[in-house]
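Protein chains in written order, with the numbering used here: chain C, 1 to 428; chain V, 1 to 428.
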């Protein structure tokens, strides 16, 4: 049986994992797809570099066109990352009828529409299971497992770095800077952690999930993002005391085809299954009108988990090749994208205020909430051990963001409020 | 566009859900598959019975052959349950080139091989996502999401009735009989609960999951089963005190192609993600050599969750019809089934002994473990508040079942041991 030849763009951590699985599971894979799978060529930056796995010299190249122009290569697996020249390579590979498997969330979030259109035109597959939540097959689940349902909410812990940091802060009562440094030393955070800690990485993944879950073309600019870098350890202590864990959640919601997608630090009730997802693990909670609550949990990154998803995509591509149906199973968004306004976005809020410790303050503050039609779930006033102010902790019922913004504006003008120390979304 | 016609065998709870989704999500479904989906005919026991949904009279029939012999029906959805005449109907429908979607775990566990062989011969699809863990798309996940990996362990809470009972016993300290009665009143347990509480229902589901996960033909007789009816509330209290929750787990394991599948009450460490799966929810934990730890959580039963899985299968069938590739994506087990012997099955054990309260007893008992090469993780001896005996609680390290059996046999002959009060597997 003629082997299927794979061209690998990139041989970093994930690329190495792909080679390991394709070689190590050769027999099992061949039993499933009906042919051997061969690594045909591998693009690397430096062919002379020493590596943790052996790849024969004649398979290595520093020139991507050796792969893209090779008519023997059936499938291109892209694990080099970045936007350019990666996008050009993928577009050109598709132009030459090669199927593409990629782990590149940035590329799919930014240029997914164009890439998928080219693939459709050329009857090629473009699969990207590994681009979101590493080893968790969440893209398949949204596309196929829940194809019959109307998904109304997707909440994800989709960035392992920030979940590691927040878990550590919660478990050890440690501060953000301290834990970030530790994460950097352990290799869980990059030297420049901006993309992770400011929520951009999570935002890209949420744009991908929302597009698939809601059948509308959600792009990165549609995602409102707030990162974790300003979370204080006191906030996490407060959260725990009230029965919540602080998590960086991506939250995509739909109501009557109106969509909102945000990434923000969120206080999650400990009774919610997302609250106990700790360390570098990822989890995606999906709510469907018919199915109800579901959650998918697993490793969000790493050599072998990510490679598992890539090779599962490769298996799917090859099965389609055997059946002659490549490029015909992609989901094309068929709904117009309508974004919710601030009036339509509603959630529960946690607010911590420092106020003057004198009579009538609480009455003034609760009056502001009443004025903008925000009802309160709980209010606690307590003396502040560190200074003469008092602390007021408020948890609201569901309130529109528009109304909450008015509350905050009004607070700016209230002289009894010294400062709005913290404000977080609350879920669960 | 010509509509796809579905024949529905059964209009109970789940069948009603299927009609609701097919009708309620008509537009979304048509956008995905490219044609309208119509309920063409429905088999019921009594056409004159009043129902919670309206189905036009002319679609109802009491004669299955009106569906099986109808050349207009493309897909048969079987939600009537039972083995006969259901199996005959499915085989005959396949013989006439109709695709089949079923929620019938009993039928797939007992006759799956024969049904799949017929489907393959006739180039028809047989899908059964709803047969295991209701709304959780675990069958797709094993077949496609993890197609690249070597799965070595599948642990499932796959029976909602028993999980409800054990959760209640744990949360309220209540006894088995009491909670079972309550579950029966709430409709979570049947009048004759044997199939659930004795683990048979879970065993059928584990046979299906092990077959898919391990690519070997695991049948119901290969599953060792022990139910929950003899669990005492004291056992659960002990478990909690030691940091465990009692769960009825299905556990399928593979090591070097040697397989074991069991269903048994298991003490699960509270640190394990399965420990916090409560009530009627289901969850399946999957360990793959490459991906590592994953878990899939959701509703295990119910009208709409189960119908979600059935209609997702229906969507897959119809997409295959459009591409002309039905019957070509099934996984055929390609590995010989080799069952582990008692020497090869190993796990940690919890043992509660009542012993004479006198000097040297503990030494005698620990000597027995040593003799059969079972090493101990922890041993606690304490006075028994209720009688003059002492209680000894032992947790072993991994020990082969063969050796543990020898330990228990030896214990029978030790006069200082009054009784082996409890013995459970320990996980996590």
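Note that the Cβ used here is the ideal one computed from N, Cα and C, for glycine as well. Here the structure is a predicted model, which is why all the values come from computation and not from measurement.
Chain V residues whose Cβ lies nearer than 8 angstroms to that of residue i
i: residue 4 (chain C); result: Within 8 angstroms Cβ-Cβ: nothing; residue 4 (chain C) doesn't reach chain V, min ~14 angstroms.
i: residue 21 (chain C); result: 148, 149 and 290
Cross-chain neighbours of residue i in chain C, by beta carbon under 7 angstroms
i: residue 116 (chain V); result: Within 7 angstroms Cβ-Cβ: nothing; residue 116 (chain V) doesn't reach chain C, min ~16 angstroms.
i: residue 276 (chain V); result: 276
DSSP beta-bridge partners of residue i
i: residue 350 (chain V); result: V:395 and V:424
i: residue 30 (chain V); result: Answer is none; residue 30 (chain V) lacks a bridge partner.
i: residue 283 (chain C); result: C:157 and C:297
i: residue 383 (chain V); result: V:390
i: residue 60 (chain V); result: V:42
i: residue 99 (chain C); result: C:75
i: residue 264 (chain C); result: C:249
Proximity winner among the options, relative to residue i (alpha-carbon distances)
i: residue 49 (chain C); options: C:21, C:12 and C:106; result: C:12
i: residue 274 (chain V); options: V:251, V:175 and V:259; result: V:251
i: residue 337 (chain V); options: V:328, V:259 and V:351; result: V:259
i: residue 392 (chain V); options: V:238, V:79, V:20 and V:5; result: V:238
i: residue 130 (chain C); options: C:109, C:104 and C:176; result: C:104
i: residue 182 (chain C); options: C:168, C:195, C:293 and C:206; result: C:168
i: residue 85 (chain C); options: C:32, C:132 and C:10; result: C:10
i: residue 267 (chain V); options: V:4, V:366 and V:170; result: V:170
i: residue 165 (chain C); options: C:198, C:114 and C:285; result: C:198
i: residue 301 (chain V); options: V:15, V:5, V:2 and V:7; result: V:15
i: residue 148 (chain C); options: V:205, V:381 and V:311; result: V:311
i: residue 382 (chain C); options: C:354, C:366, C:404 and C:368; result: C:354
i: residue 368 (chain V); options: V:272, V:403, V:241 and V:276; result: V:403
i: residue 329 (chain C); options: V:18, V:34 and V:1; result: V:34
i: residue 53 (chain C); options: C:70, C:155, C:23 and C:79; result: C:23
i: residue 3 (chain C); options: C:287, C:321, C:245 and C:64; result: C:321
i: residue 410 (chain C); options: C:365, C:6 and C:184; result: C:365
i: residue 215 (chain C); options: C:8, C:192, C:240 and C:253; result: C:253
Burial state of residue i (16 or more Cβ within 10 Å)
i: residue 222 (chain C); result: buried
i: residue 427 (chain C); result: buried
i: residue 68 (chain V); result: buried
i: residue 303 (chain C); result: buried
i: residue 190 (chain V); result: exposed
i: residue 180 (chain C); result: buried
i: residue 326 (chain V); result: buried
i: residue 294 (chain C); result: buried
i: residue 297 (chain C); result: buried
i: residue 419 (chain C); result: exposed
i: residue 305 (chain V); result: buried
i: residue 282 (chain V); result: buried
i: residue 194 (chain V); result: exposed
i: residue 385 (chain C); result: exposed
Other residues of its chain near residue i: CB distance less than 7 angstroms, five sequence neighbours each side excluded
i: residue 212 (chain V); result: 139, 142, 143 and 331
i: residue 127 (chain V); result: 101, 313, 316 and 317
i: residue 291 (chain V); result: 146 and 149
i: residue 17 (chain V); result: 303, 304, 306 and 307
Close-in-space but distant-in-sequence residues of the same chain around residue i (CB under 8 angstroms, 5 per side omitted)
i: residue 346 (chain C); result: 398, 399, 400 and 401
i: residue 358 (chain V); result: 416
i: residue 377 (chain V); result: 348, 395, 396 and 397
i: residue 47 (chain V); result: 57, 60, 61 and 62
i: residue 248 (chain V); result: 157, 159, 162, 163, 166, 199, 202, 227, 228, 263, 264, 265 and 266
i: residue 83 (chain V); result: 106, 107, 110 and 111
i: residue 412 (chain V); result: none
Contacts that residue i makes with chain V (C-beta to C-beta distance below 9 angstroms)
i: residue 295 (chain C); result: 283, 295, 296, 297 and 298
i: residue 25 (chain C); result: 148, 149, 150, 289 and 290
i: residue 315 (chain C); result: 144, 147 and 148
Chain V residues whose Cβ lies nearer than 7 angstroms to that of residue i
i: residue 334 (chain C); result: 31
i: residue 208 (chain C); result: Near residue 208 (chain C) there are no residues of chain V at all, since even the closest Cβ is about 16 angstroms away, more than 7 angstroms.
i: residue 371 (chain C); result: None at all; the shortest Cβ gap to chain V is about 40 angstroms.
i: residue 437 (chain C); result: Since the displayed chain C opens at 1 and closes at 428, residue 437 (chain C) lies outside it and no answer follows.
Within chain C, partners of residue i - CB distance below 9 angstroms
i: residue 329 (chain V); result: 319 and 323
Close Cβ partners of residue i (< 6 angstroms) along its chain, the five nearest in sequence each way excluded
i: residue 175 (chain C); result: 233
i: residue 150 (chain V); result: 289
i: residue 30 (chain C); result: 36
i: residue 299 (chain C); result: 134, 135 and 305
Chain C residues whose Cβ lies nearer than 8 angstroms to that of residue i
i: residue 71 (chain V); result: Result: empty, since nearest Cβ-Cβ is about 26 angstroms, beyond 8 angstroms.
So if I threshold CB-CB distances at 7 angstroms, which residues from the segment 121 to 141 of chain V count as touching chain D?
The displayed structure is made up of protein chains C and V, and chain D is not among them.
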